[in-house]
Structure formats: C-alpha cells, structure tokens
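Engineer: Residue numbers (this note's numbering), protein chains in the order written: chain A, 57 to 1045; chain B, 9 to 478; chain C, 65 to 258.
The structure follows.
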C-alpha cells in the first residue's frame, strides 16, 4: 500500500512526513490489534435514568412531535431596573480590568460583563504578563466562578454557621493567643504576591510576634529560589528577554507553558522566529528534557535525557563555556550534541539564554545563572530584580517545620488561607495526621475540599472575580484585582479573614485601598487609584533591574553523581497541563480539554518511553502499579514519543476525592508517591503490570498520515532556498476549473493560521468554549467520539518515536468557499453567506448529520444528547447572550465568531464606514499568546490576513479536494544546527 | 390492443407445464388459495409466528420510545461516523423492496407467466419493506419531530428545502415508490377480493371484502378497464425499480467521502437491490409454500428461475465490488487507495471479507441445477445473501466514514444494544405485517392462477371471439 | 383530505392564536401609549432610550415614570404599582408584547439608523391604549421587508413620527433612500441567527 512507510513519504522541498500515534509507526498486526483494543468500550446505556423519568421524557418528546407544527411563544416578561445604575446599559457588555492570581504572580485581564455578570475573560494588552493574551486557566476561571459545587456557607464540623459565629470563635482563640504572643498561632497560605496581603500578614505577625506564617503550594519555585541563593547568596527574581535572544538552551524548562510569565515568554520567543514580511532569520531553540513538553515541541534541536542526567549535562555545558566546574564525562551522542550547543551559545555571547526548569535541582539553576554570566547574557537577555513575591522562602522546609510544630502540639490555632495541603502536601509528612493534633483549625477555600473535611471550620472563599485584592506580575508590575460581581454567596476573601484576625472587619475594598493609599498617598490618590483600576496595572511598579555578584559556588559543588544510566527507572512529577496541581479539578472545560501531547481528557496517565514500555511489555491503557519505596499507586500507561528512556512521568492534580461532581474520582493521585526528599524526581521506581486495562478518553487516537500533505514543514535552509516550498505540494484546482463561480464583492472573511507560531497552549480551545456556550459532554461521551469543542489542536509526529519532531495544527471549520456540507443539507440549515461564511442555522437544523459526514475536515459537532446543562442555574449566568444555546439533535461548528462579526458590521454601518482591519477579533485569536491566528477581510489587500495569505508558506489543507477553504495555514520552519545534521533531530525526515 | 397485450401477458398460449401442478381446475385453484384465508380456525404455526414477530415489533416501539426520549446518542453513531445502523438498514430495506415491483411490473411486461404465483406476496413484501425503510430516515434525525421540514410546503419561514440534497431526492423517490407499489398491489387484489367476498361465510367478512372489492362484478368491461389500469401501473412502476435505488445511491455518490464518491454506485446499487429482493422472496416463499402446501402453485420451476435471477444479479454485484477496488487503485488517488486498503485490512476487514463470502462466493453454488432444485440449499443461500447485502451497506457506510481525509479525526464505530434493537425491531414490523397479510388476503393471485389452468385457453379463445366480434 | 389538514395547520400556524398578532395584552400597569404618545406627544426615545444605540430598545426604569408621576397623578390608584415599585425597589414585571424566539437576534439601532420607522413594525402605538403586537413576527414577515426594503423606508427625520404617510412614489423614494443610507437589508441566515 503506497505511503504506508511514514519515513518514505514524498517530501518535495523539505515537506516532512508526519505520523500520529506510535503503533502506526510500527506497521504491524499489533497496531490493528491495539486499535481494536483501544476503541472506546461501550459505556452503559441510559446512564442512571429510572423508568419513570424515562416515561416522562418519552411523553414529552412525543408531545413535542405533535407541537412541532405550530409552536406558540410562551408569555415572557420584561423586568426593567427600578433605578438605572450608572454606565450599565442593558444589552451592552462592559469590560473591566482585573488580574488573576496564580502560583505567586498575577496575569492582567479584561473581563467582559453582561448586565453585571462576568461572562468572558480576555487578556489585558497593557499588562506585561499578558499583552492581551490569556492561558487556558484564565479562560476557564469564569466557569469556576459559577461552579455550582463551590462552597457557599461557613461550616463548623457538620453544622452550617455564620461568619459572625466564626469571627467570635476566632476572636476568642486569638485572645487566648495574645497573652502568649501568638506562640500557638500559625497561618498557612499559598505563595503570596499580593502586597496588601503581605502587609496584612506583617501586621498580624507584629501583633503576635510568636506566631508563624508558612507558605506552601505543590508547584512552588523552591528550586529556583534555592538556586538563586546558591548562586548569589541572595533572593533574586529572574526575568528573561526572549525577544533579544538568538539562541536559547532550555534545561528541562517548559517556559512556554509554565510559570507566571509563560504568555509573555511565548510572545517574545515566537517574535524572534516569525518568518513574515520577508524575514529570513529566526532564533534557535535547544531543549534538553526528560518528558516531552510544549517547549520541546518548538525545539529546533531536542535531546531526550533522563532527568537525573541533566545536572551532569548542565555542568558539562558550564565547563564548555568557561565556568570553573568539574565537568563529568557525558556518554554517547549527548557529548557531541553538547559540544555543538556550546559552540553555538558562545558564538552568540550576550544574545543567548540558558534557562533551567522548575523541576531541576537548585544546582542546575545556579549553573544556569553561571552560564548566562559567562556568556555575558546578564543585563541583556537575562535580568535580575528583587523578588516579586511577598516573602520568598523554601516552602517545603517551611511546611516541614509547620508539620513538626503541629505534631509537637505547639500549634493551637491553624488558619489555612487557600491551598489544599491534605491533598497535595508531600505524603511522608502525613499532613492529615498532624492536622489532628491542632485544637482549632480553619480552612478558607473555594471548595469544601479534602483539607476542609479535616478542619472544624470551613470558610467559603470569594473567587478572584468577586473580591478586591492585588498582586504582582513576573516582572514586579503590580495590578489591582477588582471584582466583576458581588460575591454570589456569603463568601470572604483572604484579606477580609485576615482583617478579622486583626480585630477589624472592613471590606476587602477598604483593605486594598488603604494599603495603596499608604503606598501612593498624596493629593492625587483618587486619580492614581482610578487610573490603576482602569488600566489594570499600577503605573511604574515594575521591579528595577539589579546587579548581583555571582559567588564561586561552582568549584565547591559536590562531585556529580555517576551520570551513567544504572538501568533503574526514575519517576518524574509534573503539573498536569490542564488541571495543574489539582486546583482546577472541578472545572469541566479543563477536564475535557485534551492534553496538548497525549490528547487525553479526564485522566492522568503513567507516561513511558516507547523503549521502556516495550521492555515492560505494556501497551496504552494497561494499568501498572508504581512502587516507590513501598508506596504504591496504580495508573494507566500512555506511551509517549519523545519521553526519555527510563523516565516515568506522572501528572499531579488527579485522584481528587472531594473536588466536586466534576473533579472527584478522575485519574490517580500521584501525590501519594511524592516525598519531601524527592518532590520533583525520584529514582528507583518499580513498575509492575497488573493485567488490568483502563479505558482512556483520548480525542485523537489513530490515523497514519498516509503521505497526505496536511502538515508541511521545512528547515530554515530549505525555506531560504524555496520560500514557497509549501505551495509545491499536491494539486490545487484552479478557480476556472469550477463552474458557477461566485464573486465576493463586499467583505470576504478568512483566517490564516501560522503553525510556526502555535505553541499548542490550548488557550484558543477554552476561549472558544467560553465564547460560544459549548457544552461539556463528560468522559463517557468523549470515549464515544462525541466531544463538542469546535476548535481542536491536531498533533502530528515525524521521525523516530524515541525523539520525534512534533507539530501542532489548530483545526476548526475552514469555511470552504465550495463547502461540501452545504450541498447535502436537506433543509438549508447550513448555507453560505455573501461574505463567504459557512453559516450554521441551529434553529433550522433537523440533525441528519449528513453535513458532518461530508465534511473532509470533520470539524462539525453534533448534540447527540441534550448536552447543555440546564439544571444548574448558576451556569446559565456564564453563557454568552449573543450566542444561541444549542439543545439536543442539532449540529454545530465554528462560526468565525459570527456574533462578533455582526456586531462590528452593524456598528460600522451605523457610522457609515467599512469594518476596519483588526476590528473583528475572534475568540481564539484574542486568546492566542503568539498571534498564531489572524482573522480579517481577504478582499482587503492591506489587511493582515491578506498579507499572511500572500506568504510563501501559506497553503490550504486538503486544497486538492477543491473545497477552497477560507482558513489557510502557514507551514512550519525549523532552524536545526547544521553541525547536528543527522543527529537525533533530523533522522526522521 | 390492450386485450391483445393482456392475453399475451398471461402467456396463455405458452404456459409452461412446470409452473402449475397437474390436475388443477378453476375450482381447485380457488378453493386451495381462498381456503387459507377463509378458514375459520387459525393454524397454530401462524399464531406462533405472529407472536414472535409481534414481540419483536414491541421491541421496536420501545427502541423508538427511548430514541425519542434521549436522542440519537443511544446509538453508536459519533463524529466522524455520523451515520450508522439507521442508514444501513434504510438502504437494506429499500433494496429488498425492489423484488416486488420487478416481479410484478417488469416480468409482466416481459410476459414471464411464472411470475403470477409469486407476484402477490412479492408485492406485499415490497410494501412492508418500504414501510420499514421509510421509518429510518425519520428516526435517524436528531430532531425527528421536525421531519416535515424536508417536505416542500408553504411555510411561515418563507423557505424551501434544499433541492440539491440527495436526502431530498430520497423523500420523493421513496414516497413515490411506496404509493405506486401500493396502488399496483391493491389493483391486482380487487378481483380476488371480490372472489373472497362471494365465498366468505361470515357477514363481517363479506362486508369488509365487499367494501375493499369496490363493487367488482367481473363483467367484461370491468376486466377490460382492469387490465388497462394494471398495465399502465406496470408501465409506471417499471422506471421506479431503477430510479429508487439509483437515488438512494446518490446519498453516497454525491458526497466527497472516499468510498462513497463513485459513479458506479447507481447501477450496482440497483443490481444489489434486486439481488437482495429476490433473496428475500426465496426466504419467504420456501417456508410458506411448504407450510400451506402450495407446492403446486409455487413450483420448483419458480424457485429455479429465482435462483437464476439471483445468480445473474449476484454476478453484477460482484463486478461492482471488483470495479470499486480496481478503480480506487487505478485512480491513483491517495485517499481512495487508502480507503480501499483500510476496507480490506483495516479494523472492519472482517465485515468486508464476510460480505465477499456471502455475496460473491457462496452464491456461485447457484450455477448448479442441483443446488437450485434443493430447497434447503436455496433457502440457506438466500439468507446468506440477505446477510451479505446488509454487510455491504454496513461496509460502505461505516468504513468510509470512520477513516476519511484527516487522520486526526479518525474514529471507530461500535453498535449499541439500541442499534440492534431498532434493526431487529423493524424485522418484527415486517413479519407482523406479512403474517397478517397471508391470513386475511390471498397470498397468490387466484384469478391469474386460474388463467394458468389447462383449459383456460378455451375460455380465452371465446373471450377472444367476443373481442373479435367487437 | 390530507391537503385539507395541511392547509388547516397552515392557517392555525398563521392565526393570532399562535402569533398573538393584534392581541392587546394586559399589563401590571394600565399604561396607555395612546395617552403618552398620541395625546402628550412624548418622544419614543424618552422611555426607549437605547433604540438608536443598541440592539435592545430599552425599557423605562421605574425612575423614568417617577420623573413625572412623583408630581402628576401622584396619588392615582392606577399608578400604585409604579409607586410600589419605587418604594420597594421591586421591578415592574411588564408582559413582553414583541417576543422573538431566543435564536433570533434583532437589532433596533441598525433598523432605526437605516430609515425604518418605529411605526413600520410597531404600528400606530399612538392610537393603542393597551399595546398589541402589530405584525405576525413570523420569518416570512421579516423577509417580506428585507427582500424589498424600498417599500417601507422613510427619511430619517420621520423615523419616530407616528402619522407619517408614505408618498405616492414610495418605491422611487425607497430606492433613493436605499442608496443614500446604504441599506443592505441582509437576507443571509447569519444576519439574525447565530
């Protein structure tokens, strides 16, 4: 069969051969055996529905059948305001600037509000960490706000009480503490970046000098802090300038999708490799990593290395660029690879970056600092500032100390502001056990979770969209967090609870405002305050660069452990790409969001390298037992191309027991293996087969590319030779080959997707879900191939499974000018409009599904059941009033955000002008951190989209089917190091 | 002229002896056939049969109830496989529905006298099969209560349906076919209804049959008009035999999906339809004939002829498969080639090879007269062919959809309990109707059989004389 | 017989029973457009403030009523519901007269700015005591105008006039205005359905 051998596919002008899924590479019987095995099992039918309900529904639907003929509008009411509030005009959305705190920094946002209910989150263009972009978590946070499972009442053991009751109990307890200077008082928070909260805590510690404040969250940057202390003897915050760097070496750092700056870094990084407007030059990214990440996907040269060997590698790099350190010997191709990298780095002194990953030990961070120093990057591409968090500290030791105190009975009052330590503290600390010894323990949280369950007091926390606060971005820029809506339930923010401790009871607003008045007092405070709220950033608060002296630590480093592979397996703990450390477990949008590389939803997996899996004799979906020093956890295997052989990766954040209806019971809890000593990587894990299998809901299981030129890519040199290489693949019928052609006189909407820029961050997917009221269908339905997301990100591999080249391709309705779906719809429910949009008329659709069958891109989604949740009232508040909420039996798909198009067109027509380029921004485009998606009028030669479509890299997916899609793609160009040609990277192509 | 043709059409002058048993008189023929209907005591076998069929029909109603209550999600359909059992069954039933009209109309026009004994229940079978088929296009809708939007009627939306869509063609094709087949069948029944009216012993029977017989008295004028009408209807329905399945095949041929987008579909769908239709006739005829002792009327000769037709159409279908495979290779089209390869060796390969076995290999036995004469063998083959034809539609619908253009979207189809329930349910509907039919209506055309009785020629000549004198 | 049935269904479907066309609706307050618009000559925009700016024409807040009725008829029993609303801060729950299905997105501002008068769709509200729905609001009714807007367009200065009479040469005028106002009158599905 032609084209079955993926490496032998035709690749004119460097077009690469892509395949998806491992078994397909192995063109074997097992492949099909596996296909069959992997097919979604039939989940039980009519899930939990009793006979009565069944009959009711049956009657209802039959009645509907009768009423179908003449439907009479039910009587509805109009309920105007009594006293119209300022600026709120019914029917007109408003935007307010705020910021979302996450992991010790904030990201600036603009939030859309309809009649006072926040419905959609966008990035704040003025905020340094956002520049208008958002990440999946910011996009999904609005769903958490309306989550019906959020905790809504103060609870003492199992009786529902009031805040007053709590404040009395607290006052009493604190009074007792006051005499002893608060010796028995402990506060546990997550990483605090809010200056106000910091000040409040300081004030509290002043009041109770003996009291202690601890910080803990599982994904804290302990290693970075320790590394900085090791390198400089002081706490610094490192800011990277990727827009200044020609060469980047990532030591297991996923800087494109992790950390408070990933949006900004993605933007800056891609800016240096965007090949448009005649640009023929781009940066080069080297990635050394043990488990594939979005950063690894963008790598021009990638080396898969066991985590335990990366420190040795870092030393070798350091030695190679002239840092005084004992250089260990690296075996195999790593050595030659390293030599080339080192040469490249040195040739770009002052224009390169070496960055260490959060999961790497302090030593590697310190070495990275030393290397940047040696390369003269400091002050140019690498900038040091004072820490942006309220109090930088090593959180694990801090937590250990707290637990020790709790055990010793020194803790009488424990106040936990956020966090979920019972679930995510290192297992060997036995936090839950220690908690028992604390007489009074209170937990403030969005959910009544695992930790709340073990506290007498659970306190419902206000969502950040409901509360006043502030915080600082990765570069120190401060933002005021202002609420978009009054608390939905009787909840309080951390500020308000702390104020309570201080014997005051002001609202969060006063606390924050007072703090800033003290900071920025003076006559024009009101103006300052107004501007800060309006802009979403507090002017000139970015931390100033500071120079720090590097200590000669490298020489004194202990001799590096034997870098040789001892054959045992190592276990790596990584944040889950969708639910992170588990804080987003109950968010349906994120649970159903396919993980960028594995495309698995609703579960975490045990990721193994193909070789490792082969040795263990396990296949995808096989349940294995991980045994780490006697601690055992079971999870399903997922074979991950590009995983370092011998590394076993598990994602944190699953196996929740009290997350809520959505989040409980998904996946397995990897925290049960995570210890104080080895919070990031543990060696000597034993993986045993159990013989069981587990059904995983994977949205993209199979398909060889079979030589199809859906994804086109080339190296930089090939691109320089043939800038239009992408257009010499396949035959696209000319316009005149079509009869009855239609000329688009007015607007002609279209999109260009630069796959070169796409980092697979998934923000667009969630943004689309939020904007277009897309339903969550649940694991069972995903397993049956019925996920509803209009926008999916296809993932293709090239080369060897050990270290493949990977490409992301966002795929959504292509709005074909010759759309196959339109011809076949018997009721004209999907038709073409005069601006070239392929419009879907839900209310006309009878659900033959013929359009989807006939869609070559399979981007249409069907409501096989009534997926939209009508039962939880609070969810209705989130829905976008400008988009129809679809019910059962109706087809739906990407509309290019028709609601935004119509709005812009109408406004323009009222002003008697044409829609300006950039006036219409689709939800996906707006969220994209790297500007990979561009929408506009292709009839206007000066529009950005038209310019992009003129690029040589521009091509139509399946253009040979003559669908003439309005969405076109810009091919990928890599910049591999010529010295490494034929190295791990190139063998595939 | 009409009489001329009609006489010819009954082929009176050359009645081959094998198509009616020896020693039959008008009386005996009428008694034999009418007794099945007019007998007062219902045979136990019939009751059991009906009971089984009816319980399956109930299963069907349950399945439909659940479907309306929860939506098409209860089936195995998904994206990309948006069509599953519903459409497979639809095509299958429509196919089966073809034998009736073919036998009644085309064989009538081709003056095949052997058709007379089987045309009646072949037509009935057609009607029942069409009614089963007709249900699916409605059931498979996401919002079945809006099915009428597929009809072009003046509405408050100021909209027409999309006449470019093959599903629209279907609406017209199938409904026309159902109407014409019904008229044809009913017209053919009228003289026999009159016979039953006259012979029925119960008042009730007389009344009902009387009404249905529309005052038929058997006068020469009646006969003359009757024959004219019957021939006209035959002429009308002949093109339908070809058109209906051609249009059904457009559902696939018009699309862009590899494995659907093929010009060969219309002819080989029609051939397949006749193939399965005749198979179903055998499946029904053999047991009924045996049970009601109609060996004299449905003779081995009939079954032999049917066997030949099956062999012929089967070969056409086989040619279709071959061409499909060949063209997908010869076209050099990447997608087509992969589709074919996936069909042969993909996860659905089993279905494909089973279909080849059922539709191509096993029926080759029909080359042997011995096999065609062996009732059991013929009956088993006919069932195998029915299964094969169902598999053919399954392979076409499912394999093509499950792997089309973008591998990222490829997915699998696995039927659920409700898929099967709906399918088996329609079998229930089909057989229930059939059982009722053979109980209350003559399953063989009495008056046409009488024309086959030796000696009918004499009458016929007189008749002719009358004509001549006019 | 089937034809008759279908015809009957069609009739029912267009009947006021289904469409509520011309059915005067009872309101919590017996508000008379006839009095306020016809007799007092209050401009539409005094209450429906956003009709020129937004999709939604806007319903008057209780405050708008109280602007006058805190002095005029301040004790009238008819107005008790209004005063009650003002006291209790409870909104007046008006019955929606022009009620489009949720899947239809109508925009007042564009129509008003392109020469479609209020009366063209809402009828002579200055003659209605209790308000009723003038047209059927069925899709065919929308299309009837969207397919030939020139038959209904009027000069902008008459948009809010209730007693505007179409000139004899309406079509000519309509054509002229259509050009002048750059009226598109989209019949694309996407214009109203999203």
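Positions of the beta carbon are idealized from the N, C-alpha and C atoms, including for glycine.
1) Let me know if residue 217 of chain C comes out buried or exposed under the rule of 16 or more other beta-carbons within 10 Å of its beta-carbon.
2) Does DSSP put residue 359 of chain A in a helix, a strand or coil?
3) Report the residue ranges of all alpha helix (DSSP H) runs contained in full by the region 250–275 of chain A; include only those spanning at least 4 residues, in chain order.
4) By Cβ distance below 6 Å, which residues in the same chain neighbour residue 245 of chain C in space, the five residues on each side in sequence not counted?
5) Residue ranges of each alpha helix (DSSP H) run of no fewer than 4 residues wholly in the region 976–1031 of chain A, ordered along the chain?
6) What's the C-alpha gap between residue 298 of chain B and residue 138 of chain B?
7) For residue 482 of chain B, does the three-state DSSP call read helix, strand or coil?
8) Taking 7 Å as the CB-CB cut-off, is residue 940 of chain A touching chain C?
9) Could you check whether the Cβ of residue 903 of chain A sits closer than 7 Å to any Cβ belonging to chain D?
10) Would residue 910 of chain A be called buried (16 or more neighbouring beta carbons within 10 Å of its own) or exposed?
11) Per the DSSP calculation, residue 176 of chain A is bridged to which residue(s)?
12) Is the beta carbon of residue 205 of chain B closer than 7 Å to that of residue 217 of chain B?
13) What residues in the region 157–179 of chain B bring their beta carbon closer than 8 Å to a beta carbon of chain C?
14) How close, in whole Å, do the beta carbons of residue 138 of chain A and residue 126 of chain C come, if the pair is a contact with beta carbons under 8 Å?
15) Closest to residue 175 of chain A by C-alpha separation, out of A/200, A/164 and A/283, would be which residue?
16) Mind checking residue 43 of chain B: buried by the 16 CB within 10 Å criterion, or exposed?
17) Could you please give the first and the last residue of the uninterrupted alpha helix (DSSP H) stretch that includes residue 91 of chain B?
18) Buried or exposed for residue 63 of chain B, going by 16 or more other Cβ atoms inside 10 Å?
19) Span of the alpha helix (DSSP H) holding residue 514 of chain A?
20) Count the other CB atoms within 10 Å of the CB of residue 426 of chain B; is the residue buried (16 or more) or exposed (fewer)?
21) In this structure, does DSSP put residue 867 of chain A in helix, strand or coil?
22) Determine, using beta carbons only, whether residue 86 of chain B and residue 212 of chain A come nearer to each other than 7 Å.
23) If you drop the 5 nearest sequence neighbours on each side, which residues of the same chain put their C-beta closer than 6 Å to that of residue 780 of chain A?
24) Taking its Cβ as the centre, do 16 or more other Cβ atoms sit within 10 Å of residue 135 of chain C, making it buried, or is it exposed?
25) Between residue 1011 of chain A and chain B, is the shortest Cβ-Cβ distance under 7 Å, so that the two count as touching?
26) Give the interface partners of residue 207 of chain C over in chain B, defined as CB-CB distance under 7 Å, in chain order.
27) If we count the other Cβ atoms within 10 Å of its Cβ and call it buried at 16 or more, is residue 259 of chain C buried or exposed?
28) Who are the neighbours of residue 86 of chain B on chain A, taking C-beta pairs under 8 Å?
29) Over the uninterrupted alpha helix (DSSP H) stretch that includes residue 508 of chain B, give me the two end residues.
30) Let me confirm a value: residue 75 of chain C is counted as buried when at least 16 other C-beta atoms fall within 10 Å, else exposed. Which label applies?
31) Once DSSP output is grouped into helix, strand and coil, what is the label at residue 185 of chain C?
32) Below 8 Å on the Cβ atoms is my contact criterion, and I expect residue 979 of chain A with residue 823 of chain A to pass it. Report the Cβ-Cβ distance as a whole number of Å.
33) Could you check which residue in B/207, B/35, B/197 and B/247 has the C-alpha nearest to that of residue 234 of chain B?
34) Applying the 10 Å Cβ sphere with the 16-neighbour rule, what's the burial state of residue 694 of chain A?
35) My output table needs one value for residue 481 of chain A: the three-state DSSP class, helix, strand or coil.
36) Taking the CB atoms as reference points, tell me whether residue 285 of chain B and residue 104 of chain B lie closer together than 7 Å.
Structural biologist: The relevant details are as follows:
1) It is buried - the Cβ of residue 217 of chain C has at least 16 other Cβ atoms within 10 Å.
2) Under the three-state reduction of DSSP output, residue 359 of chain A falls in the strand class.
3) Every alpha helix (DSSP H) of 4 residues or more that sits fully in the region 250–275 of chain A is shown, in chain order, as 251–263.
4) Excluding sequence neighbours, residue 245 of chain C sits near 178 and 179.
5) Runs of the alpha helix (DSSP H) inside the region 976–1031 of chain A: 979–983 and 1000–1006.
6) Whole-angstrom Cα-Cα distance: 26 Å.
7) Because chain B in this structure spans residues 9 to 478, residue 482 of chain B falls outside the shown range and cannot be described.
8) Residue 940 of chain A counts as touching chain C.
9) This model lacks chain D altogether; the protein chains it does include are A, B and C.
10) A residue is called buried once 16 or more other Cβ atoms fall within 10 Å of its Cβ, and residue 910 of chain A is buried on that count.
11) A/168, per the DSSP bridge assignment.
12) In this structure, residue 205 of chain B lies closer than 7 Å to residue 217 of chain B by Cβ.
13) Per Cβ criterion, the list reads 161, 162, 163, 164, 165, 166 and 167.
14) Going by Cβ atoms, the distance from residue 138 of chain A to residue 126 of chain C rounds to 4 Å, so yes, they are a contact pair.
15) By alpha-carbon distance to residue 175 of chain A, the top candidate from A/200, A/164 and A/283 is A/200.
16) Classification of residue 43 of chain B: exposed, given that the 10 Å Cβ count is below 16.
17) Run containing residue 91 of chain B: none; DSSP gives neither H nor E here.
18) Around the beta-carbon of residue 63 of chain B, fewer than 16 other beta-carbon atoms lie within 10 Å, marking it exposed.
19) From DSSP, residue 514 of chain A is part of no alpha helix (DSSP H) but of the beta strand (DSSP E) over 513–516.
20) Buried, because 16 or more other Cβ atoms sit within 10 Å of the Cβ of residue 426 of chain B.
21) Here residue 867 of chain A sits in strand by DSSP.
22) Cβ distance not < 7 Å, so residue 86 of chain B and residue 212 of chain A don't count as in contact.
23) Answer for residue 780 of chain A: 1008, listed in chain order.
24) Taking every protein chain shown into account, the CB of residue 135 of chain C has fewer than 16 other CB atoms within 10 angstroms, so this residue is exposed.
25) Not an interface residue.
26) Scanning chain B for C-beta atoms nearer than 7 Å to the C-beta of residue 207 of chain C yields 166, reported in chain order.
27) The structure shown does not extend to residue 259 of chain C, since chain C spans only 65 to 258, so no value can be given for it.
28) Simply 840, 841, 842 and 920.
29) Any property of residue 508 of chain B remains undetermined from this structure, which presents chain B solely from 9 to 478.
30) Counting the other Cβ atoms within 10 Å of the Cβ of residue 75 of chain C gives fewer than 16, which makes it exposed.
31) The three-state reading of DSSP puts residue 185 of chain C in helix, counting H, G and I together.
32) Indeed, because the Cβ distance is near 4 Å, the residues count as touching under 8 Å.
33) Measuring from the Cα of residue 234 of chain B, the nearest candidate turns out to be B/197.
34) Burial call: buried.
35) Residue 481 of chain A falls in the coil class under three-state DSSP.
36) Yes, the pair counts as a contact, with Cβ atoms nearer than the cut-off.
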